[in-house]
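A.B. asks: Quick one: this structure, given as structure tokens, is what I'll be asking you about.
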Amino acid sequence: MTTGFEKRIRLLWLALGLVCALILFYSVYTFIGTFVFGVFIYYAVRPIYSRLNVRIASPTLAAFLSMFLLVLPALLIVVVTLGIAVEELLRFVRNSDLEGLEAALSPYVNDIVSNVGLDAIMSGNIDTLTLQQVLAIVTQLVSFVGLGVLHLFIMLALAFYLLRDGSRLSALCLRCVPHETFEAYGRAVDKDLKNVYFGNIANAVFTGTIGAITYTSLNFFAPVGAAIPYPALLGLLTGVASLIPVVGMKLVYFPVAAYLAGMLVVSGQVGALWFVVAFALLSLIVVDTIPDVVLRPFVSGGTLHSGTLMLTYIFGSLLFGWYGIFLAPLLLVVVVEFVRIALPTLYTSWGDRVGDGQTTLADTNWRTHSRDVTVESTDGGQEDGHTDDPCH
Numbered sequence: 001m002t003t004g005f006e007k008r009i010r011l012l013w014l015a016l017g018l019v020c021a022l023i024l025f026y027s028v029y030t031f032i033g034t035f036v037f038g039v040f041i042y043y044a045v046r047p048i049y050s051r052l053n054v055r056i057a058s059p060t061l062a063a064f065l066s067m068f069l070l071v072l073p074a075l076l077i078v079v080v081t082l083g084i085a086v087e088e089l090l091r092f093v094r095n096s097d098l099e100g101l102e103a104a105l106s107p108y109v110n111d112i113v114s115n116v117g118l119d120a121i122m123s124g125n126i127d128t129l130t131l132q133q134v135l136a137i138v139t140q141l142v143s144f145v146g147l148g149v150l151h152l153f154i155m156l157a158l159a160f161y162l163l164r165d166g167s168r169l170s171a172l173c174l175r176c177v178p179h180e181t182f183e184a185y186g187r188a189v190d191k192d193l194k195n196v197y198f199g200n201i202a203n204a205v206f207t208g209t210i211g212a213i214t215y216t217s218l219n220f221f222a223p224v225g226a227a228i229p230y231p232a233l234l235g236l237l238t239g240v241a242s243l244i245p246v247v248g249m250k251l252v253y254f255p256v257a258a259y260l261a262g263m264l265v266v267s268g269q270v271g272a273l274w275f276v277v278a279f280a281l282l283s284l285i286v287v288d289t290i291p292d293v294v295l296r297p298f299v300s301g302g303t304l305h306s307g308t309l310m311l312t313y314i315f316g317s318l319l320f321g322w323y324g325i326f327l328a329p330l331l332l333v334v335v336v337e338f339v340r341i342a343l344p345t346l347y348t349s350w351g352d353r354v355g356d357g358q359t360t361l362a363d364t365n366w367r368t369h370s371r372d373v374t375v376e377s378t379d380g381g382q383e384d385g386h387t388d389d390p391c392h
């Protein structure tokens, strides 16, 4: 009776654990992009946190300052850029003749105004349908902004608590699964993810430098009235935007190309549009594609093969969308380290028997790519040999 009761209790605990695991999996899957980006922020900030934590007694303060020191430069660049963009737009509106542009955009603006019902609102003739349309638009806008703020908060909170309590979490995992292979696997995954994700920050620095040099050099060939505004700042902004997967840098140089083209068309310099084409092509190839496809795998690789990592970045974005550039390397690291560390142990524990002169995957020395060979000695015992021949 006692044995049967203990089995039922054990099954009950297993069922409860399975339910908890499914709930956790569903929660992470629902916010997978946010979760992965939060992990990326954690690994990007951790080198700064490690240095500050030695000098600051409070882990909470060290984690907060680490995130602030990483976010502040990017935030300053974005704020300064937005301020300059608004200033340039106001100056463009004051100094340009916009009658032709107004005539071209007037039909579209009137259509938007009539659909939204702004003319009825301005005249005070508001009916129920117009009010519903306005409320629907406001609700969608508030929902969009609120959802964005929520995702940002989750990212930052996840990174903050991983910084502050990451050591406790790893110690808890090691207590739950006290096995040397699991510990080696966890440490290897952690090391590779640190190389990959911190490499993204290094790639952003290199991209910003390349962008600043490219745009400053291109300005020497700019026609009169078509110079790139603030080329060094624009280059730094491309580096910050490279942290946004897939569309990041395009959010910078697409609007700038449209701005330059509009300036030339309004001023009647249609023949100088070649400069806009050159700017767009150099931005796409030199500033965007080459750092993202070629440079990023080399600065992020670590122990991973740079070619494999390059393909991971490419196919990750295609398979998973905007967060694929962060999720795909994580999956690659998990799989590679499982094959390298966990699989040989499982292979051995499943009863692999080593005959005379035979070797197994578990016997491979992964530093020298050689194998330890177990052979029968002349006295009936066993001797351990070592060979550099993988076919021995």
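In UniProt numbering, the protein residues as written are 1 to 392.
Glycine included, each C-beta is placed from N, C-alpha and C at the ideal position.
Note that this is a predicted model, so its numbers are computed, not measured.
Can you have a look at L162 and say buried or exposed, based on whether 16 or more other CB atoms are within 10 angstroms of its CB?
C.D. replies: Sequence index remark: in the sequence shown, residue 162 carries index 162 (1-based). By the 10 Å Cβ count, L162 comes out buried.
A.B. asks: Would you say A280 and A257 are within 8 Å of each other, going by their C-beta atoms?
C.D. replies: Here residue 280 is taken as the residue at index 280 of the sequence shown, counted from 1. Here residue 257 is taken as the residue at index 257 of the sequence shown, counted from 1. Yes, they are a contact pair.
A.B. asks: Specify the secondary structure class of S267 as computed by DSSP and reduced to three states.
C.D. replies: Here residue 267 refers to the residue found at position 267 when the sequence shown is read from its first residue. S267 falls in the coil class under three-state DSSP.
A.B. asks: Can you tell me whether H151 is helix, strand or coil according to DSSP?
C.D. replies: Within the sequence shown, the letter at position 151 stands for residue 151. Reduced to three states, the DSSP call for H151 is helix.
A.B. asks: Rounding to the nearest angstrom, what Cα-Cα distance links K7 and L16 in this structure?
C.D. replies: One-based indexing of the sequence shown puts residue 7 at position 7. One-based indexing of the sequence shown puts residue 16 at position 16. C-alpha separation (whole angstroms): 14 Å.
A.B. asks: If you pair each beta-carbon of the region 273 to 293 with each one of the region 159 to 174, do three or more pairs fall below 8 Å?
C.D. replies: Because the criterion of three Cβ pairs below 8 Å is not met, the region 273 to 293 and the region 159 to 174 do not touch.
A.B. asks: For L14 and V28, what's the separation of their Cα atoms in angstroms?
C.D. replies: By one-based count along the sequence shown, residue 14 stands at place 14. By one-based count along the sequence shown, residue 28 stands at place 28. Straight-line Cα distance between these residues: approximately 21 Å.
A.B. asks: Does DSSP put G307 in a helix, a strand or coil?
C.D. replies: To locate residue 307, count along the sequence shown from 1; it is residue 307. Looking at G307 - three-state DSSP - the assignment turns out to be helix.
A.B. asks: Give the DSSP-derived three-state secondary structure of W274 in the structure shown.
C.D. replies: Here residue 274 refers to the residue found at position 274 of the sequence shown. In this structure, W274 counts as helix in the three-state DSSP scheme.
A.B. asks: Under 8 Å, do V277 and L260 count as touching if we go by C-beta distance?
C.D. replies: Here the question's residue 277 lines up with position 277 in the sequence shown. Here the question's residue 260 lines up with position 260 in the sequence shown. No; because the gap between Cβ atoms is not below 8 Å, this pair is not in contact.
A.B. asks: Only counting the same chain, and skipping five residues up and downstream in sequence, which positions put a Cβ closer than 8 Å to that of I228?
C.D. replies: Here residue 228 refers to the residue found at position 228 of the sequence shown. Contacts found: Y215, L218, N219, A222, L234, V256, L260 and F279.
A.B. asks: Distance check for I314 and Q269, CA to CA, integer angstroms please.
C.D. replies: Against the sequence shown, residue 269 aligns to sequence position 269. Against the sequence shown, residue 314 aligns to sequence position 314. When rounded, the distance between both Cα atoms is 39 Å.
A.B. asks: Would you identify the three-state DSSP class for G357, choosing helix, strand or coil?
C.D. replies: Here residue 357 refers to the residue found at position 357 when the sequence shown is read from its first residue. Because the pLDDT of G357 is 44, which lies under 50, any placement of that residue in the model is unreliable, and the question is left without a value.
A.B. asks: Just the Cα atoms here: how many angstroms apart are D190 and R51?
C.D. replies: As a first step, residue 190 must be located in the sequence shown, where it is residue number 190. As a first step, residue 51 must be located in the sequence shown, where it is residue number 51. D190 and R51: Cα-Cα distance of roughly 18 Å.
A.B. asks: With a CB to CB cut of under 8 Å and the five nearest residues on each side skipped, what residues in its chain are close to V80?
C.D. replies: For this step, residue 80 is matched to residue 80 along the sequence shown. L233.
A.B. asks: Leaving out the 5 sequence neighbours to the left and right, which residues in its chain are closer than 8 Å to V334 when beta-carbon positions are compared?
C.D. replies: Position 334 of the sequence shown, counting from 1, holds the residue named residue 334. Only V189 meet the Cβ criterion.
A.B. asks: Return the CA-CA distance between G199 and L273, expressed in angstroms with no decimal places.
C.D. replies: As a working mapping, residue 199 is identified with position 199 in the sequence shown. As a working mapping, residue 273 is identified with position 273 in the sequence shown. Looking at the two C-alpha atoms, the distance is approximately 37 Å.
A.B. asks: Starting from the Cα of M67, find the closest Cα among L76, D292, V45 and L11 and give me that residue.
C.D. replies: Residue numbering aside, residue 67 sits at position 67 when the sequence shown is read from its first letter. Answer by Cα proximity: V45.
A.B. asks: So, helix, strand or coil for D363, using DSSP?
C.D. replies: Stepping through the sequence shown from its first residue, residue 363 is reached at position 363. Any reading at D363 must be qualified, since the residue scores a pLDDT of 47, below 50, and its modelled position is unreliable; the value itself is stated next. Note: D363 maps to helix in three-state DSSP.
A.B. asks: Specify the secondary structure class of V224 as computed by DSSP and reduced to three states.
C.D. replies: For this step, residue 224 is matched to residue 224 along the sequence shown. V224: coil per DSSP, three-state reduction.
A.B. asks: Measure the C-alpha to C-alpha separation of S370 and L193 and round it to an integer number of angstroms.
C.D. replies: Against the sequence shown, residue 370 aligns to sequence position 370. Against the sequence shown, residue 193 aligns to sequence position 193. Confidence at S370 is low in this model, with a pLDDT of 46, below 50, so its placement is unreliable and the value that follows should be read with caution. S370 and L193: Cα-Cα distance of roughly 26 Å.
A.B. asks: Leaving out the 5 sequence neighbours to the left and right, which residues in its chain are closer than 7 Å to I154 when beta-carbon positions are compared?
C.D. replies: As a first step, residue 154 is located in the sequence shown; it is residue number 154 there, counting from the start. Excluding positions up to five away in sequence, the list reads F31, T34 and G38.
A.B. asks: Just to confirm the assignment, what range does the alpha helix (DSSP H) spanning R340 have?
C.D. replies: Within the sequence shown, residue 340 is the residue found at index 340, counting from 1. Neither: R340 is in no alpha helix (DSSP H) and is coded neither H nor E.
A.B. asks: If we count the other Cβ atoms within 10 Å of its Cβ and call it buried at 16 or more, is L251 buried or exposed?
C.D. replies: In the sequence shown, counting from the first residue as 1, residue 251 sits at position 251. Exposed: under 16 other Cβ atoms inside 10 Å.
A.B. asks: Is S242 helix, strand or coil by DSSP?
C.D. replies: Translated into positions along the sequence shown, residue 242 becomes position 242. Of the three classes helix, strand and coil, the one that applies to S242 here is coil, per DSSP.
A.B. asks: For the region 176 to 237, list the beta strand (DSSP E) runs that are entirely contained and at least 3 residues long, ordered along the chain.
C.D. replies: Counting only runs of 3 or more, we get nothing.
A.B. asks: Looking at L332: is its Cβ nearer than 8 Å to the Cβ of L304?
C.D. replies: By one-based count along the sequence shown, residue 332 stands at place 332. By one-based count along the sequence shown, residue 304 stands at place 304. Yes, these two residues count as a Cβ contact at 8 Å.
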